[in-house]
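First to last, the sequence lines map onto chains A and B. Each step along the first sequence adds one to the number in the numbering used here, with nothing skipped, and position 81 is 81. Each step along the second sequence adds one to the number in the numbering used here, with nothing skipped, and position 64 is 488. Below is one structure, written out as structure tokens, with a few remarks after it.
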Amino acid sequence: MTAPAPTTPAAPLPGAWPLIWAVARREIVVKLQDKAFRVSTAFLLLMMAASVAIPQLLEEDRPEYTVAVVGPSASSMVTEAAALASAAKDDSGVPGALITLVGMDDLSKAQEKVRTHQVDAAVTGDPGKGFTIIGAKEIPSELSRLFAQSSYSQRLSDGLTRAGVDADAVNKVLRQAATPPVEQLEYPDAEDESVAMYLFLAFAVVFLMTNMIFGVSIAQSVVEEKQSRVVEILVAAVPVSVLLAGKVIGNTFMVMAQLLLLLAMGIGVSTAMGESVIIDLLAQNSAWFVLFFLLGFVMLACLWAVAGSLSSRLEDLNATTVPMQMLLFIPFFVALYLPETGRVMTVLSFVPPFSPMVMPRRLLVGNAAWWEGVVACGIIVVVGALLVGVAARLYQGSLLRTGSRTTLRAAWSSHVQEREALAD
Amino acid sequence: MLELSGVDRFFGERQVLHDVSFAVRPGVLTGFIGANGAGKTTTMRIVLGVIGANAGKILWDGRPLDKNTRRTFGYMPEERGLYPKMKVLDQLVHLGRLFGLPPSEAADRALRLLTSLGLQDRVQDRLESLSLGNQQRVQVVAAILHDPSALILDEPFSGLDPVAVDVMAGMLRARAALGNPVLFSSHQLDLVERLCDDIVIIDEGRVVLAGDSEQLRRERAGSRFRLVVGGAADRPDPADDADDWLRSDPRWKVLELEGPRALVEILDPAHEQPLLAKALEQGPVHEFTPVVPTLADIYRQTVR
Numbered sequence: 001m002t003a004p005a006p007t008t009p010a011a012p013l014p015g016a017w018p019l020i021w022a023v024a025r026r027e028i029v030v031k032l033q034d035k036a037f038r039v040s041t042a043f044l045l046l047m048m049a050a051s052v053a054i055p056q057l058l059e060e061d062r063p064e065y066t067v068a069v070v071g072p073s074a075s076s077m078v079t080e081a082a083a084l085a086s087a088a089k090d091d092s093g094v095p096g097a098l099i100t101l102v103g104m105d106d107l108s109k110a111q112e113k114v115r116t117h118q119v120d121a122a123v124t125g126d127p128g129k130g131f132t133i134i135g136a137k138e139i140p141s142e143l144s145r146l147f148a149q150s151s152y153s154q155r156l157s158d159g160l161t162r163a164g165v166d167a168d169a170v171n172k173v174l175r176q177a178a179t180p181p182v183e184q185l186e187y188p189d190a191e192d193e194s195v196a197m198y199l200f201l202a203f204a205v206v207f208l209m210t211n212m213i214f215g216v217s218i219a220q221s222v223v224e225e226k227q228s229r230v231v232e233i234l235v236a237a238v239p240v241s242v243l244l245a246g247k248v249i250g251n252t253f254m255v256m257a258q259l260l261l262l263l264a265m266g267i268g269v270s271t272a273m274g275e276s277v278i279i280d281l282l283a284q285n286s287a288w289f290v291l292f293f294l295l296g297f298v299m300l301a302c303l304w305a306v307a308g309s310l311s312s313r314l315e316d317l318n319a320t321t322v323p324m325q326m327l328l329f330i331p332f333f334v335a336l337y338l339p340e341t342g343r344v345m346t347v348l349s350f351v352p353p354f355s356p357m358v359m360p361r362r363l364l365v366g367n368a369a370w371w372e373g374v375v376a377c378g379i380i381v382v383v384g385a386l387l388v389g390v391a392a393r394l395y396q397g398s399l400l401r402t403g404s405r406t407t408l409r410a411a412w413s414s415h416v417q418e419r420e421a422l423a424d
Numbered sequence: 425m426l427e428l429s430g431v432d433r434f435f436g437e438r439q440v441l442h443d444v445s446f447a448v449r450p451g452v453l454t455g456f457i458g459a460n461g462a463g464k465t466t467t468m469r470i471v472l473g474v475i476g477a478n479a480g481k482i483l484w485d486g487r488p489l490d491k492n493t494r495r496t497f498g499y500m501p502e503e504r505g506l507y508p509k510m511k512v513l514d515q516l517v518h519l520g521r522l523f524g525l526p527p528s529e530a531a532d533r534a535l536r537l538l539t540s541l542g543l544q545d546r547v548q549d550r551l552e553s554l555s556l557g558n559q560q561r562v563q564v565v566a567a568i569l570h571d572p573s574a575l576i577l578d579e580p581f582s583g584l585d586p587v588a589v590d591v592m593a594g595m596l597r598a599r600a601a602l603g604n605p606v607l608f609s610s611h612q613l614d615l616v617e618r619l620c621d622d623i624v625i626i627d628e629g630r631v632v633l634a635g636d637s638e639q640l641r642r643e644r645a646g647s648r649f650r651l652v653v654g655g656a657a658d659r660p661d662p663a664d665d666a667d668d669w670l671r672s673d674p675r676w677k678v679l680e681l682e683g684p685r686a687l688v689e690i691l692d693p694a695h696e697q698p699l700l701a702k703a704l705e706q707g708p709v710h711e712f713t714p715v716v717p718t719l720a721d722i723y724r725q726t727v728r
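And the structure:
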């Protein structure tokens, strides 16, 4: 017993943050190197682009009609209608359509074309005696509205000219009398709400999916460390709370990066497609989305880590993560299917784990004031902080238990004994 | 010096460690021997702070071991433990960060150590793609990467081929030569005997023997004698006779008896000559040798 004491100087213990960052950094790097993660991110981005672009593409499709005309007067009336239709804007009240004219020598041939459905309608007559519109069973509503407008202006112009009014003056007046431009202070309710709900659905699905994907991956990475026993080396080197914090922070970082990418994709595509309603709604609500997403994710992330630490093998993970899936799916369906207004909706919009999904919907549809959003966030923060404390204790109590699955009770009570070892 | 003093540990109602006390001297290898479930792994985990003790102290140079010092220990867990899917160098650098090393220094050291173990071509491979022996080498690098002030290894030799055993042994000796305490557990008693200066034997959670291996063996030498008697034609079955005169005498204990050969332990050094005299009374004595027990002998004797 005479050998000299070792002289190796103790490496300086860095503060907790560099250690937390080191753990978080590994989570991030491993995620970035993970092919499954990259593929799923690309898939989500494509979904986002498609969900913004596809409705727009469908809407862009204007109906096309072919109309037979008999005589120059009818031809000029339909030509005017076609001009109106092709210039029509979404909100002007004039239906948009693409109208092709087919000139006919006589009425019977035109009628034959209508009967055999080679054309959608036929027009004959003149402004003096009036026009006749011939259809098969029915005339497409866009056509009848367009024809009503153009025949009215043609007959008016014709009548006034014959009464001695200068033709140029008549045309000028008629142009001025055309459908007035509409200036909307608010979007019409129906459209607004359907777009808002559509957007909310996108938010809720993204929230649900990314929480599931990242939640399971947090749990998996905990089990992986347990199963490979690397956790023993980790715990010998750093406190358990540092491991937990690093995991949650690293995954939160990745989740938020993914969400921001998705939002950028959504805004980019809708800008490119000129979809003003979605852009405005996104611009107004992105901050809320990001905030509720962040808080909602962090609140549950610690619990996902506990779900992982309760099992010793990947095979057990399904059983221990079922409660977590409940915590996501139940609020998801509640937020989706609950009636728009009502006390239940209002109450649940403040209660975690419902609030991260229910409150964004109320904010998006416009029946919650901004301060209600702030209060809901505050409640999530408080509940989240409590859960982090609970999770840290459970994590500590279950992380080093191997063998079978750990019960919550055992994890909770064994914490005290192990903490002595780790706290000095 | 690393010391354990009066360590108790319960798992639920079951007490798995009873008043475990021993010292791990710096500069030498200490072998930690015991059957499966005797408490070796639990003891090591307590030293590393992976789990807590219900009673007792861990001392470092006479003072209670604190967290900062413990962080400078190197540890190799029994069932190994690294990230299977991470690249060799990446995970060593990661562990280096956790031990407080700057990444560049961690990478330098890891490369140097990996090269010294012949793994320089595998640094960018995933750990799981390496052979078991090579994974073990990476594990060793992980344990000594941060130039630990003490080294604790749980079954470092299990599953190693003879070449890898030599590499590992060289590694441990080198660490000890730096003046660090090195404690490792093993089932391979011959290996421990060959390598270790000190041994600790644990049985059912109690330390039954601890100290300098040579000294312990020598203390037990001088009390045991190998005796070969008879062999003459007129004694067809000398064992029967030997049985009578040997076993009936309370001054010694017969440990083994096979034909004319016997292993006898005298209970007092003064009984050495009387034993020989008595043997000669029975006939010719072909062999009368003091036996230095092997570690395996001592182990079987103390644990039984």
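Built from N, CA and C at the ideal position, the CB exists for glycine as well. Note that the structure is a prediction, hence the values are computed from the model and not measured.
Item, Value
"Indicate the three-state DSSP secondary structure (helix, strand or coil) for Asp514 of chain B in the structure shown.", "helix"
"What residues in the stretch 368-387 of chain A have a beta carbon less than 8 Å from any beta carbon of chain E?", "Any reference to chain E falls outside this structure, whose protein chains are A and B."
"Step through the CB atoms of chain A and report whether any lies within less than 9 Å of the CB of Glu689 of chain B.", "no"
"Quick check: the Cα distance between Asp166 of chain A and Arg175 of chain A, rounded to an integer number of angstroms?", "14 Å"
"So, Val223 of chain A versus Asp280 of chain A, is the Cβ gap smaller than 9 Å?", "no"
"Here's the rule I'm using: 16 or more other beta-carbon atoms within 10 Å means buried, otherwise exposed. How should Phe329 of chain A be labelled?", "exposed"
"Cβ atoms of Leu336 of chain A and Val344 of chain A: under 9 Å apart, would you say?", "no"
"Please report the straight-line C-alpha distance between Ser276 of chain A and Val238 of chain A, rounded to a whole angstrom.", "51 Å"
"Report the rounded CA-to-CA distance for Pro18 of chain A versus Gly250 of chain A, giving the unit in angstroms.", "13 Å"
"Chain A beta carbons: is any one of them nearer than 9 Å to that of Phe456 of chain B?", "no"
"Name, going along the chain, the residues of the stretch 210-234 of chain A whose beta-carbon falls closer than 8 Å to a beta-carbon of chain B.", "Glu224, Glu225, Ser228, Arg229, Val230, Val231, Glu232, Ile233 and Leu234"
"Look up Arg561 of chain B in the DSSP assignment and say whether it is helix, strand or coil.", "helix"
"Which residues share a DSSP beta bridge with Arg650 of chain B?", "B:Leu687 and B:Thr713"
"Taking the Cβ atom as the reference point for each residue, do Leu243 of chain A and Val388 of chain A lie within a distance shorter than 9 Å?", "no"
"Going along the chain, which residues of its own chain have a beta-carbon closer than 6 Å to the beta-carbon of Ala122 of chain A, five neighbours each way excluded?", "Ala68, Ala110, Val114 and Ile134"
"Just to make sure I have the definition right: I need the residues of chain A whose C-beta is within less than 7 Å of the C-beta of Leu472 of chain B. Which are they?", "Ala236"
"Taking Thr124 of chain A as part of the beta strand (DSSP E), name the residues at either end of that continuous run.", "Ala121 to Asp126"
"Assuming Ser573 of chain B and Asn604 of chain B form a contact by the criterion Cβ under 8 Å, report the distance between their Cβ atoms to the nearest whole angstrom.", "6 Å"
"List in chain order: all unbroken alpha helix (DSSP H) runs of 4+ residues lying wholly within the stretch 308-336 of chain A.", "none"
"Name the chain B residues whose beta carbon is nearer than 7 Å to that of Arg26 of chain A?", "His518"
"Can you pull the chain B residues whose beta carbon is under 9 Å from the beta carbon of Val39 of chain A, in chain order?", "Result: empty, since nearest Cβ-Cβ is about 17 Å, beyond 9 Å."
"When DSSP labels each residue in this structure, what does Ala169 of chain A get in the three-state scheme?", "helix"
"Using the three-state DSSP reduction, which class does Thr79 of chain A fall into: helix, strand or coil?", "helix"
"Who does Ala634 of chain B pair with in a DSSP beta bridge?", "B:Val624"
"Between A:Pro353, A:Leu160 and A:Asn318, which has its C-alpha nearest Val334 of chain A's C-alpha?", "A:Pro353"
"DSSP has Tyr65 of chain A in a bridge; who is on the other side?", "A:Ile99"
"Look at Leu282 of chain A and Gly296 of chain A and say whether their C-beta atoms are less than 9 Å apart.", "no"
"Using 9 Å as the limit for Cβ to Cβ distance, is Thr407 of chain A near chain B?", "no"
"Using a Cβ distance threshold of 8 Å, determine whether the stretch 592-601 of chain B contacts the stretch 430-443 of chain B, with at least three qualifying pairs required.", "no"
"Verify whether the separation of the beta carbon atoms of Ile690 of chain B and Ile457 of chain B is less than 9 Å.", "no"
"Using DSSP bridges, identify the partner residues of Tyr499 of chain B.", "B:Ile576"
"For Thr2 of chain A and Arg521 of chain B, I'd like the C-alpha separation in whole angstroms.", "With a pLDDT of 40 at Thr2 of chain A, under the threshold of 50, the predicted position of this residue should be treated as unreliable, and no value is reported."
"How long is the line joining the alpha carbons of Gly15 of chain A and Ile576 of chain B, rounded to whole angstroms?", "25 Å"
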